[in-house]
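Written below as structure tokens is the structure these notes are about.
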């Protein structure tokens, strides 16, 4: 059952989403060769708690850490460890937080120093597909419209769209209805209505769409061991249109990136 949010609840969810956005911005300042994912995990937990929030992933389904840290061929759900990142790596960082009894949940894939051109293109196309999908999250459309748009954009570049892992509704629970696959057919699935809030999160592989789960019960990698990218935003339907609750602005400020990609999904310009 889809849990519709009031405008007041959406504003509370925006606060939770921005806890995650600010935390990813702090993590972005430390992402560089030589740092370990455990060190980044500690930064994230402190940042979330300093904002009066609770880490959303820590203990969820018995997950042991604050961040899901998935380098290179890892798709999602990687467990932080003490292996240093090296030049040429990529790492997908997924973060969740609870504030106002609501969850925020979003993700970004970082390049560690200079990366291979084909890997950079994967990151660029995957992030593009996130916004392609968000445009379809509007009153009267259906789940399949979002999935179709993301799939078409990514498969046009020859990339694999993961099937087993999907986006989801978001609210007082981390995972609510509806599931939001990154593939599908137009006009299929549940219809979008005013007040829906979802996490849209393309998980796209450089090679095959097939994945494998490791014995730790969490880590998922590409079957061919080629890189995978993951980007995620929290989005609400407000006045019939998609509105971002999360932002990459804090990441971009840390990395010195200028971007207006989020402007069309906000009623007014986002101010740091």
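Numbering (the UniProt record's numbering), first residue to last: 1 to 272. Glycine included, every Cβ here is placed at the ideal spot set by N, Cα and C. Treat the numbers as computed from the prediction; the structure is a model and nothing was measured.
CA nearest to the CA of residue i, picked from the options
i, options, result
"residue 179", "142, 154 and 69", "142"
"residue 85", "125, 47, 37 and 114", "37"
"residue 137", "66, 13, 28 and 238", "238"
"residue 123", "114, 110 and 133", "110"
"residue 214", "208, 207 and 222", "222"
"residue 40", "14, 204 and 70", "70"
"residue 315", "57, 67, 120 and 107", "With the chain covering only 1 through 272, there is no way to say anything about residue 315."
"residue 98", "118, 83, 64 and 58", "58"
"residue 206", "114, 51, 118 and 193", "118"
"residue 49", "96, 9 and 62", "96"
"residue 108", "68, 220, 269 and 43", "68"
"residue 12", "234, 226 and 261", "234"
"residue 81", "51, 195, 34 and 61", "34"
"residue 217", "61, 132 and 208", "61"
"residue 90", "112, 269, 208 and 270", "112"
"residue 76", "259, 248 and 227", "227"
"residue 73", "248, 9 and 208", "208"
"residue 174", "146, 260, 56 and 158", "56"
"residue 183", "146, 158, 157 and 269", "146"
"residue 64", "42, 8 and 193", "42"
"residue 125", "94, 135 and 158", "158"
"residue 248", "114, 127 and 9", "127"
The alpha helix (DSSP H) enclosing residue i, as first and last residue numbers
i, result
"residue 2", "First-last for residue 2: undefined, no H or E at that position."
"residue 268", "Unbroken run through residue 268: none, as it is neither H nor E."
"residue 149", "143-155"
"residue 120", "117-135"
"residue 42", "37-50"
Start-to-end residues for the beta strand (DSSP E) that takes in residue i
i, result
"residue 6", "Segment: none, residue 6 is in no beta strand (DSSP E) and carries neither H nor E."
"residue 102", "102-111"
"residue 177", "176-180"
"residue 71", "67-71"
"residue 94", "90-99"
"residue 200", "197-200"
"residue 193", "Unbroken run through residue 193: none, as it is neither H nor E."
"residue 168", "167-169"
"residue 31", "Segment: none, residue 31 is in no beta strand (DSSP E) and carries neither H nor E."
"residue 162", "Careful: residue 162 lies outside any beta strand (DSSP E) and carries neither H nor E."
"residue 205", "203-205"
"residue 76", "74-76"
Within 7 Å, strictly: CB atoms of residue i and residue j
i, j, result
"residue 47", "residue 23", "yes"
"residue 29", "residue 254", "yes"
"residue 246", "residue 21", "yes"
"residue 191", "residue 148", "no"
"residue 167", "residue 116", "no"
"residue 104", "residue 251", "no"
"residue 229", "residue 211", "no"
"residue 265", "residue 232", "no"
"residue 176", "residue 3", "yes"
"residue 161", "residue 154", "yes"
"residue 188", "residue 144", "yes"
"residue 278", "residue 263", "With the chain running from 1 to 272 in the structure shown, residue 278 is simply not present."
"residue 78", "residue 219", "yes"
"residue 240", "residue 5", "no"
Beta-carbon separation (whole angstroms), residue i vs residue j, contact threshold 8 Å
i, j, result
"residue 170", "residue 197", "5 Å"
"residue 19", "residue 53", "5 Å"
"residue 272", "residue 202", "Not a contact, Cβ separation roughly 25 Å."
Would you list, in sequence order, the uninterrupted beta strand (DSSP E) runs of no fewer than 3 residues that lie entirely inside the segment 213-261? 220-222, 228-230, 233-238 and 241-244
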